[in-house]
Structures are given as structure tokens and as C-alpha cells.
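J.: Please find one structure pasted underneath; my questions will follow.
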Amino acid sequence: MPMTQAEAGLPALDAQGVSKRFGAVVALRDAALTVRRGEVVALMGANGAGKSTFVKILTGALRRDGGDVRIRGQDTHLASPAGARAAGLIPVYQEPSLIRDLDVADNLRLGRTPADPFLHWVRELGIPDLRLDDRAGDLPLATLRVLDLARALAAEPDVLMLDEMTAALPTDLVERVLRVVRGQADGGRAVIYISHRFAEIAQICDRATVLRDGATVGDLPIEPGVEDRVVELMLGAALTPAAARDGGPRAMTGEPRLHVRGLSSGARLADVSFDLHRGEVLGVVALEGQGQDELFEVLAGQRRASGGTIEIEGRPQRFRHPADAIAAGLSFVPGDRADALLMVRSVRENIALPILAPLRRWGAIPMRTEGARVASAIERLQIDTRAQGEVRRLSGGNQQKVTIGRWVAGEVRTLLLFDPTRGIDVRTKRQIYGLVRDLADQGASILYYTSELPEIPQACDRVVVIFNGRVVEILDVAEATEERLMRAAYGLTSPEGRRAVAGAGRA
Amino acid sequence: MTRTLRRSGWVLGLAALLAALLLLTKLIQPGFGASGIESLVRAALPFAFATAALAVVVIAGGIDLSVASMMAVASVTAAVLMESAGEAATVPVVLLVLLVGIAMGAINGALVVWTRLPDIVVTLAMLFVWEGVALLILQAPGGAATPWLRQLIVGPFPIPGLPEGATAFLPKSLVVLVFCLALVWLPLRRSRLGLSIYAIGSDPTAAFRSGVAIGPTRIAAYGIAGLLAALGGLSLTLSTGIGEPIPGPYLLAAVAAVVLGGVALTGGRGGLLGPILAVLILRVVRLILTLLSVDPNVTTIIEGTIMAVVVMLGGLLAMRERRA
Amino acid sequence: MSVETARPSVLGRAGRFLRDHPTVTLILLLLALVALLQVLRPGIVNERWIGNTVKFAIPLAMLAACQTLTMLTGGIDLSAGTVATISAFVVATQAPLVGTGPALLIALFPAIILGLLNGFGVGICRVHPLIMTLGTGLIGIGCLQVYQRSVIATGSVVPPILEWLGTGRTGGLPNALVLFLPFAALILWAQGRSGFGRLLYALGANEDAARLSGVRAWQVYLALYALSGLIAGLAGLVYVGLIKAPSLSLAEPLLLPSVAAAVIGGTSIFGGRGGYAGTIVGALILTVLGTLLTLLQMPEGARRILFGLIILFVTTAYLRLTDQG
Chain A
1 MPMTQAEAGL PALDAQGVSK RFGAVVALRD AALTVRRGEV VALMGANGAG KSTFVKILTG
61 ALRRDGGDVR IRGQDTHLAS PAGARAAGLI PVYQEPSLIR DLDVADNLRL GRTPADPFLH
121 WVRELGIPDL RLDDRAGDLP LATLRVLDLA RALAAEPDVL MLDEMTAALP TDLVERVLRV
181 VRGQADGGRA VIYISHRFAE IAQICDRATV LRDGATVGDL PIEPGVEDRV VELMLGAALT
241 PAAARDGGPR AMTGEPRLHV RGLSSGARLA DVSFDLHRGE VLGVVALEGQ GQDELFEVLA
301 GQRRASGGTI EIEGRPQRFR HPADAIAAGL SFVPGDRADA LLMVRSVREN IALPILAPLR
361 RWGAIPMRTE GARVASAIER LQIDTRAQGE VRRLSGGNQQ KVTIGRWVAG EVRTLLLFDP
421 TRGIDVRTKR QIYGLVRDLA DQGASILYYT SELPEIPQAC DRVVVIFNGR VVEILDVAEA
481 TEERLMRAAY GLTSPEGRRA VAGAGRA
Chain B
1001 MTRTLRRSGW VLGLAALLAA LLLLTKLIQP GFGASGIESL VRAALPFAFA TAALAVVVIA
1061 GGIDLSVASM MAVASVTAAV LMESAGEAAT VPVVLLVLLV GIAMGAINGA LVVWTRLPDI
1121 VVTLAMLFVW EGVALLILQA PGGAATPWLR QLIVGPFPIP GLPEGATAFL PKSLVVLVFC
1181 LALVWLPLRR SRLGLSIYAI GSDPTAAFRS GVAIGPTRIA AYGIAGLLAA LGGLSLTLST
1241 GIGEPIPGPY LLAAVAAVVL GGVALTGGRG GLLGPILAVL ILRVVRLILT LLSVDPNVTT
1301 IIEGTIMAVV VMLGGLLAMR ERRA
Chain C
2001 MSVETARPSV LGRAGRFLRD HPTVTLILLL LALVALLQVL RPGIVNERWI GNTVKFAIPL
2061 AMLAACQTLT MLTGGIDLSA GTVATISAFV VATQAPLVGT GPALLIALFP AIILGLLNGF
2121 GVGICRVHPL IMTLGTGLIG IGCLQVYQRS VIATGSVVPP ILEWLGTGRT GGLPNALVLF
2181 LPFAALILWA QGRSGFGRLL YALGANEDAA RLSGVRAWQV YLALYALSGL IAGLAGLVYV
2241 GLIKAPSLSL AEPLLLPSVA AAVIGGTSIF GGRGGYAGTI VGALILTVLG TLLTLLQMPE
2301 GARRILFGLI ILFVTTAYLR LTDQG
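Sequence lines, in order, name chains A, B and C.
Going by this note's numbering, the first sequence opens with residue 1, and the numbers climb by one from there.
Going by this note's numbering, the second sequence opens with residue 1001, and the numbers climb by one from there.
Going by this note's numbering, the third sequence opens with residue 2001, and the numbers climb by one from there.
This is the structure:
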């Protein structure tokens, strides 16, 4: 690409002070990222740091509220994905973006990608036997991701953005991808590399830019031992030992209520085993997409396991429908409240729903009993009921309370909470921790996935850390400092994790 | 590659099934021959166009329940204009009817885009609207069709230099059908618009990321469906000689043929060849039942059942795929 | 934690009012139409006219119950017209053969079978309700035609009890109210105060959430469409008593208005919202509107266009209004 003298000295991409809010929630305060020609820069941040919002803004999928984004020194609006492309920034998204039902040649034509350079890159990336008349949907996931990369490379971008590029790739392809990406930078392009994998970052990146709480908090050159600095930055300055809640963990003895061995499902959940006892809150920590979604879905009866066993109080279980899991005493609160709530119905109907599900409850509703039950759930969870008519009018925190209250209104035995405090205010969070402890004290068992590490000591007795679809660490809450959890979540501590990092993926 | 084979396997299977059914017809009635095929294809013509129209919209991820009503509008418009304007104006009338079809389809599409209602709701409402329009144009069956135009779909297609016996098995109506569909579909299938239609049906998000303008593409798909429905209406007028304001049983037959023809109701998958073969198969089944002197009403039941079963199987298959 | 802090726009407030008091708004609309009728043809609105309007609105309201209940789950029942016709035709042809009582039972049998078939297709095969019910409607018509040929010799008689129910009056009020009032009360009770009714709303509001709460959706769909078939059958019985001449397309003309009545009555075609009270008023509105259009000598074609546009307009309006705030 020809460039003027002035352009040559400017960073390929320079984003400063980018901010974005969604209603009352501030997703980005002050995000910054600078990438020069010839550089690969890692963009890092823990879950909820604002990384995905930042990526969406840079790729034109979202509009920023404030800040500057300059590409080759020119202020760009990035109003749409097409606008970002035109400005010279080409992303490769985490999910494949070829049209499944078209063959590869048609996909190229649709995106106006020249075929020859595309095929060159496909061969270079290690897919020798690709045929242009293969239907995209028939190709394996790993191939699709590589094709996305080849398509981006064929467009000769100024700035290449790769989002978790090596996820779902077998080891040999990972090696080739890393080599090609490094080669792009050496050839004078700028690359933004988003990844959770330190091994890869160490191999190809020049710098790492770290986001925390919607702001850029550090920009470090990659050198030996940088992992610890990055982890520190991601966690924030306050690396004080966690203030554990009162009482400490109790000793867990006897038969576990939930006994999971070797559970696997789909491409992401490989091999997860753990026990959950009566009266215990077991925390689950994992970076995004490490198999925790699949784990909870399998336990909730939403998804079939492809291997492994689930036992509840000694009896093996096989769930074909969420109703089976509920009958076995497993109640699931999904991460996205929109998946769990009847948004246009009332608080009362939402809370009473599971009670009415079985065939034998289809008749007259005992209105008074139901009313009392719902009222006690509302009272217990302190749900603000000023807007009872439609649940969607409640605040996020109150909505979350309704989804939990639905199960508390009945007899809860085992509660599966998936990131129950995502996007809700601090006061409500506290109430939820308190409720979780209360329920456990009354004998309920709780599996508690959270994307926020500081919650672990407040709510949990033990923690399992999952990386790459496997349990890499099980800790008592007393030993589970944030740093230790974070290192484990990045696969940096356990031998198993290290092996996984070294392998950098699964075949 | 086996994948390519598997992809066209469904269409090949349909072709084989059609051949087997034709053979069966011949066995049941030894007299079945060229003229039998000719009347079969001619009767299938409106069904084929209705199916093609629906298929385009379904590929784009929508559904158009107003296909039969749009055909009725086209049919009565053609019949009324041909009767009043005389033979000289036939070609302009045909062009006008096709334009009306495109306009009706585009209105459907624009309403889907603009109201943001599900396709099925908008086109259900438009089913009533177009039906009403047809009734306003012509209260009862009437009008006329230009005779030479009618001859276009009657009889065998003569090829100079070939004996009549050889061309007898090539009905004009089949040539008309193939010609019209090829004219509309082949350039489209290879164009960016055609690819965009598949893309928005398959995965709107990915299509958007590839730079496809979703709204205009959707409107275009409905417009093409309108054009094909207008062709269907014309063929209806040509084969009966009059305009018919009450829509025939084309919608459900088209849904069944589209599903049987390998077009997924979830969008993005399939072509026109499969659905057209499916239309012919359904017509031959009807013919066989008639030849077996099954009560025509029982024939309706059997047809309805085949359609319902096809749609239900399609639903089950789609569900299995989603699970896998 | 704010609840409605922002000042709602006029549109938003209108939407809120419509949503919170749909029936009130609809009754106002009904009264306006009646007033318009009275202005156009002074003196037409009298006790006799009211009785007649109610009489004609009842079968429509019953058929619209099928649409309301299925629409609460996000579905629709386009076979309802055919099912009503079948029941009406079967009762009229069976009555001379087996007597009125057994004929009534026999007549409801195919209605439930077709309903179960719909439920099977929708709930278990996951076919879109619109396509499924169109299909069973077609099958139903075919069966009816075959049946007609087999009973061609017996002739048909509308049982006197149905005539009494459909046409008769007692003290100025149509007798059909004897059936309709308990029927409406039952539906109104069931939609809010029975587990089954609540599950209809739940499936329509968020089927995935309902599943997660342990609802086995297919059971609900199967029961719902069977019930819808039964109601359509009953509506057919009342209607044949009103029209007094069974035919192969008896209740077909009621199908579109039944959908329109539910839509106008505020039941969302997307499911999860609405109820039968609005539908009853909607049926009355349509009956009055019908009188009005006849008075204005509106041709059939224009009526259909009007129905289509009403459905389109009302659905869009509800979508836009209820999305505010």
C-alpha cells in the first residue's frame, strides 16, 4: 500500500480515551491502544474488563461515545463493519464468519475477496486440500477459522485484528498461524492479537496492552516474567489477601450431593470432575469459553453430555430435559437473565412458573398459597416490586433476584448459579452473596460460577478452576488468592495447565 | 468429492423418484404417453411457479404466504386486460402483469423490513389484501386470454429437423417453464444479489459482516418471488382461458414442494431444481391416484397428508440438526 | 434501581394505557362505531339490533377463542374454520340417523382428532403452527367431502336444540348466551387462574425460559391444540344453529374475522400477552363493523383488504407502542 512520508511515521492504529456506556453501565472509561507497523500487540483483560466492547468499537460494530480512533493518522468514525474495513482494519472474529450454506468460492465473491491471494494464504496456513466448491458448513471449525484468517490476509489490511484466533485449532495449525501472523508484522503490517494464552503471546507479541474496568492500565513490552506483571495489572493494585467471610469453610465429609466425573460435551467441555457437598458453595472460575457454559448446560439438562457421569446422592442421572434435572433437584439460573425470564409477564408469574410446570399442577392455582409463597420469596430477596406488571421494567438486579427467587420459593436442593452478579449493582451483589450463604447454611448445595474473582472469598467454600475444558485446580477458599486463581485460570500453575499451555490447544 | 455428490444427491433422488413414478403410471395405464406427460406438465405449471416463488423467499430466510393471492391478482389482471385491450396489446399486457407482480412482491418485502414484524405475520395479512385486490378487479371468474398466447403452453415443442415422434415428449409448457425459470434464476444464482439472498437466509450476522445490505436484499428476494408468482398467475389464465379471483390451493402445495425439494424452511439452503421436481412428483402422485380410480376427494386427503407428513418430517430433521 | 424515572412520551403513555387497559379502549371504540351507525341510519340501534349483533358475535367470539389461546403461545389455528364446518356438517347429517344427543358427541370427535393432529405437528414435530394448521385444514376439507358423498342419501337436519341455541331468544336476549356465558367465564378463569393458562403465557413469552423452568412444552401444545379443536367444534354447532343450513364451507368466512378479533382484542400474535376479554369486544367490534360495511355497500374485495390492513396495522401498532419504555 503506498503511503506518504507523513503517514509512514504515524502509528497504524491509535485509539485514545475511548469510552462507551450502556444505559447506566459504563463499559469503557478510558481505553487506549496504539499499534505501529511491524508490531504485534496483545490486547488483554480479565472477564468484564471491557475488552469485547473495545473490540466491537474498533471493528465498527458499536459506536463509541467519546475518544479518538486514528488509522494511519486519520480520524475514523468506524460507523459500520464495512466502514472499519474501508479504513483498513480487518478483523477475524471468534465465531466463523463464512456463510455456512455457500461454498468457499461463493463466499469469496460475496466478500469481494480475490481468490489467488486467498488460496496462497490457505496453503501457507497449512490447509493444502481445500476445494473452492466445498460448502463452508461442511468444513471443520478449525478450517473455517483458518479460512477467515486467509480471507483477511488476502484483503491486505493495514491493521489485522485477531480475536482468540487459535481457539479450536489443533497444535500444528496453531504453529503455522503464529508464524504467519508474526510474518505479517515483520512485513510491515500492524496486528492486534487478542488471546488468553500466555505461551502464544510470549512467542509472537511485542507488547501487551492491559485493560481493567474499562480503562487501559498498562502497556508492557513482552519479556520473560511479564506474565506476573500482566496478572497483577489485570487484578489491580489492591492485591491484598482476600477478606474471607466469617466462619471459614466447613469440613466436607460424607457422600457428596452432586458427584461429577469426566464430564464432556461438544468441542469445549473435555473432562470435568468434582464433588459438591451438602451445605457447600463451590465456586467455578474460568476465562470465557473454557467449557463452563457447557458444564452448566449439561447439569441443567439443556445439553446432552457426550461422556462422563453425573450422580446425585449416589444415584446416576441422565437428563433429557430440564424437567429431569429439576426433578433431580438441580435448579439452574442462567447467566443471561433474558434466557430465564418471561419479560412481559409479572413478578408473580415468573416466580410461580416452576411450580406450575408438572402436568398435575395444570388445574386451579391455589391463589392464596401461591401468593404467600411468592410474597415470602419477594421478602426474602428484598425484590423491589414497585413495577410488578412486567418483569422487563425491573432493574437488572431485581430481575436477577426474580430468577433466583423462582427456585427459593420452592424447596431448593442444588442451585446452579451462572454468573448471577453480572452487570448488577453492588448492593444487590451483597444481598446475593448473603442469600447464597443462607441457603448453604440451610443445607442447600450451590455451584457458583463467577466472572469476578473478588466474589470468590465472599461466597464460596471451595473453588474449581477450569481451563481448556478441564479442571486444572481445586482450592480451599483460604488458599484461593486472586492471583493464584488468575494464574490457574490462565493455565499457568498446575502441571496439567502447563501441559495444556504448551500444547496451546486441543486437536 | 462425496460432499458434492451428497449435496446434489437429494435432487438426483427426486429425479429417480419421478422417473419411477412415471414408469409406474405407464404400468397402470399402458396408454400413458406423450399427451399424458403434456397435460401433466401443463397442469403443473402454476404449481411450479408458485413453488419457485416461495422457494426464493424461503432461501432468503423468509416465507411468503401471499403467493397464491398474488397469483390471483396477476391472473385477473391479465384476463381483464387481454379481454379489453385486444390481441395487439398482448405483449405490453404481459409485461405489465410481470411488473405488477414485482411491485406486489416488493411491497411485501418492504413491509417486512419496515414493520419489523415476522415475515409470516406480514404475508398473512397481505394474503388477505391481495385476495381482496383480485376480487376488486374481477368479482367472479371471467375475462379472457389471447388465443395465440394460450397456444404457447399447449402441445409439443417442435424442433426443426427432428421427427414429430421424438419431439412429442417435450411439451411446450415444460420449455416455457424451464425458459422462464432459467431466465430469472440462472443470472441471479451467480450474481452477488443471488449470493446475498443465500447469505441473509443462512446467517444474517455473518452476511452483515461480509458487507451485505440486509434490508434491500430481502426486498429484492420478495420482488423476485412476486415476479415468479405473476408468471404463475399468467400460466393459470393461459391454461384456463379466464381470470380466477379466488386463490387456488397453491400455497400449501408450494410449501410441501419446497420442503420436499430440499429447501430448508430455516433458510439459506436449496435451489429451484429440487422444488420443481417435487412439484412434478406431487402431480404424478395425483395422476396415479386418479388412474387407480380413487375418489378425487380421497386424493385430496392423501395429498394433504403427504404434504403434512413432509413438513413434519422436515421439522423433525431440522430439530435433529440443531441438536447435533 | 430506578423504576420508570424517565418521563414517558405521549406515544409511550398511550401505549402504556392501551396495554394496561386494552378492554377499556376497545369498548370506547365499539361505542364509537355504534354511534357512527346510529348517525348513518338513525333508529337502527334498538333492542332487537343489539340482540342480533350479540347473536352473530357469539360464534365468532368462540372461534376467536381458538385464535386467542393459540396466539398466547405465539401460534395460530387456521384449521378452526374447517373444524367448525366439519362439526356442523356432521351433526346435521348424523342427527337423522342416530338422534340428536349421540350426533352432538360424534360431531365433536373429528374436531378433537384434528386438534390433536395440530398439537402433534406443532408440539412434537415443531412445525410452524400456521403451516401445520393450514395443512390439517386442507386434510379436514378433503375428509369432509368424502364424508359428504357417503351420507348424500340421508339428508341433513339441524337439530332443534341447536336452532334454539343459535337463533332463539328469551326475553330479548339470544339463547346462545346460555352456552357462551359459562364458556367465556371458564376461559377467562383458566387464562389467569389455572396452571395450564399460565403456561400458555409462559410459552408465548419465552419458550426457552419455560423449558428451563421444567415445562415440557409438547404436552402443553398437544393439550392446547386439542382444546382449540374442541372449541372450534362447539362454535360450529352454535353457528349451524344460527345459519340453519349446513354446507361444506359453512364457517370458512368466520376464519379471518376470528384472527382479526383476537388481534384487535389486544392479544399479541407473538405470544405472551393479551387475553380473552379483549377478544370478546373485538368480535363485537367486527360484527358492528360488518353491519357498517354492508350499510356502506362495501364490496367483498375491499372488506378483505380492510381485514388484512387491520391485522397489519394493529400488530405493528402494538409492537411499536409496547416497545416504548
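C-beta: ideal position from N, C-alpha, C; glycine also.
1. Between the region 2278–2294 of chain C and the region 2040–2057 of chain C, do at least 3 Cβ pairs fall closer than 8 Å?
2. Based on Cα-Cα distance, which residue from A/VAL464, A/LEU353, A/GLN458 and A/GLU370 lies nearest to C/ALA2202?
3. Show which residues of chain A have a CB atom less than 7 Å away from the CB atom of C/PHE2196.
4. Following the continuous beta strand (DSSP E) through A/TYR449, name the residue where it begins and the one where it ends.
5. For A/GLY505, does the three-state DSSP call read helix, strand or coil?
6. Take the Cβ of A/LYS20 as the centre, count every other Cβ of all protein chains shown within 10 Å, and call the residue buried at 16 or more, exposed below.
7. In terms of alpha-carbon separation, which member of A/ASP101, A/ILE466, A/GLN400 and A/LEU110 lies closest to A/ASP138?
8. Would you say B/LEU1124 faces chain C, with C-beta separation under 9 Å as the test?
9. If the cut-off is 8 Å on Cβ atoms, which residues from the region 100–118 of chain A count as contacting chain B, listed in chain order?
10. Take B/ILE1159 and list the residues in its own chain whose beta-carbon comes closer than 7 Å to its own, dropping the five residues that flank it on each side.
11. Could you tell me which whole beta strand (DSSP E) segments of length 3 or greater appear in the region 430–477 of chain A?
12. Return the residue from the list A/THR76, A/ARG176, A/ILE194 and A/ALA49 that minimises the CA-CA distance to A/GLY60.
13. Let me know the secondary structure DSSP gives A/ILE259 once reduced to three states.
14. Measure the C-alpha to C-alpha separation of A/GLY88 and A/GLY73 and round it to an integer number of angstroms.
15. Is B/MET1070 close to chain C? Criterion is C-beta to C-beta, closer than 9 Å.
16. List, in chain order, every chain A residue whose beta-carbon is nearer than 8 Å to that of B/ALA1318.
17. How about A/ILE356: is its C-beta nearer than 9 Å to some C-beta of chain C?
18. Suppose you measure from the CA of A/PHE319 to the CA of B/ILE1120; what does that come to, to the nearest Å?
19. Going by C-alpha to C-alpha distance, which of C/PRO2253, C/ILE2243, C/GLY2140 and C/ALA2302 sits closest to B/GLY1138?
20. For the region 2215–2248 of chain C, which residues have a beta carbon sitting closer than 7 Å to at least one beta carbon of chain A?
21. Apart from the five residues just before and just after A/GLY329, which ones in its own chain have a Cβ nearer than 7 Å to its Cβ?
22. On the criterion of 16 or more Cβ atoms from any shown chain inside 10 Å, does B/GLU1087 qualify as buried, or is it exposed?
23. At a CB distance below 7 Å, what residues from the region 2268–2299 of chain C approach chain A? Give them in sequence order.
24. Between C/ILE2131 and chain B, is the shortest Cβ-Cβ distance under 9 Å, so that the two count as touching?
25. Can you pull the chain C neighbours of B/ASP1295, defined as C-beta to C-beta under 9 Å?
26. Check whether chain C comes within 9 Å of A/PRO91, counting only Cβ atoms and requiring the distance to be less than that.
27. Rounded C-beta distance between B/MET1307 and B/ALA1256? I'm assuming under 8 Å.
28. Report yes or no: is there a C-beta of chain A within less than 9 Å of the C-beta of C/ALA2209?
29. Would you mind giving the Cβ-Cβ distance between A/ILE222 and A/ILE201, rounded to the nearest angstrom? I have them listed as a contact below 8 Å.
30. Using the Cα positions of C/ALA2185 and A/TRP407, report the straight-line distance between them to the nearest angstrom.
31. Do A/GLY283 and A/ARG462 have their CB atoms nearer than 9 Å?
32. Kindly identify the DSSP beta-bridge partner or partners of A/GLU311.
33. Three or more beta-carbon pairs under 8 Å between the region 1088–1106 of chain B and the region 1199–1211 of chain B, yes or no?
34. In chain B, which residues lie with their C-beta within 8 Å of the C-beta of A/LEU98?
35. Could you name the residues of chain C that A/ARG406 contacts, counting a contact when the two beta carbons are closer than 8 Å?
36. Based on Cα-Cα distance, which residue from C/LEU2200, C/LEU2028 and C/ALA2092 lies nearest to C/LEU2151?
T.: On the basis of the supplied data:
1. yes
2. Distances from the alpha-carbon of C/ALA2202 to those of A/VAL464, A/LEU353, A/GLN458 and A/GLU370 put A/LEU353 closest.
3. TRP362
4. 445–449
5. A caution first: A/GLY505 carries a pLDDT of 34, below 50, which makes its placement in the model too unreliable to give a value.
6. buried
7. When only C-alpha atoms are compared, the closest one is A/ASP101.
8. yes
9. ARG100, ASP101, LEU102, ASP106, ASN107, ARG109, LEU110, GLY111 and ARG112
10. THR1167, listed in sequence order.
11. 445–449, 462–467 and 470–476
12. Taking each of A/THR76, A/ARG176, A/ILE194 and A/ALA49 in turn and checking the Cα distance to A/GLY60, the smallest one comes out for A/THR76.
13. Checking the displayed sequence, the identity of residue 259 of chain A turns out to be His instead of Ile. Note: A/HIS259 maps to strand in three-state DSSP.
14. 12 Å
15. no
16. Going along chain A, no residue has its Cβ under 8 Å from B/ALA1318, so there is no contact; the nearest lies around 13 Å.
17. Residue identity differs from the one stated: residue 356 of chain A is Leu in this sequence, not Ile. Closer than 9 Å to some Cβ of chain C, the Cβ of A/LEU356 qualifies, so yes.
18. 34 Å
19. Just to set this straight, residue 1138 of chain B is Leu in the shown sequence, not Gly. B/LEU1138 has its Cα closest to that of C/ALA2302, out of C/PRO2253, C/ILE2243, C/GLY2140 and C/ALA2302.
20. VAL2215, ARG2216 and GLN2219
21. ILE312, ARG413 and THR414
22. exposed
23. GLY2272 and ARG2273
24. yes
25. GLN2145, VAL2146 and ARG2149
26. no
27. 3 Å
28. yes
29. 7 Å
30. 32 Å
31. yes
32. The partner list for A/GLU311 (beta bridge, DSSP) reads A/HIS259 and A/PRO316.
33. no
34. ALA1206
35. Those are SER2213, listed as they occur along chain C.
36. This sequence places Val at residue 2151 of chain C; Leu is not what is there. Cα-wise, what sits closest to C/VAL2151 is C/ALA2092.
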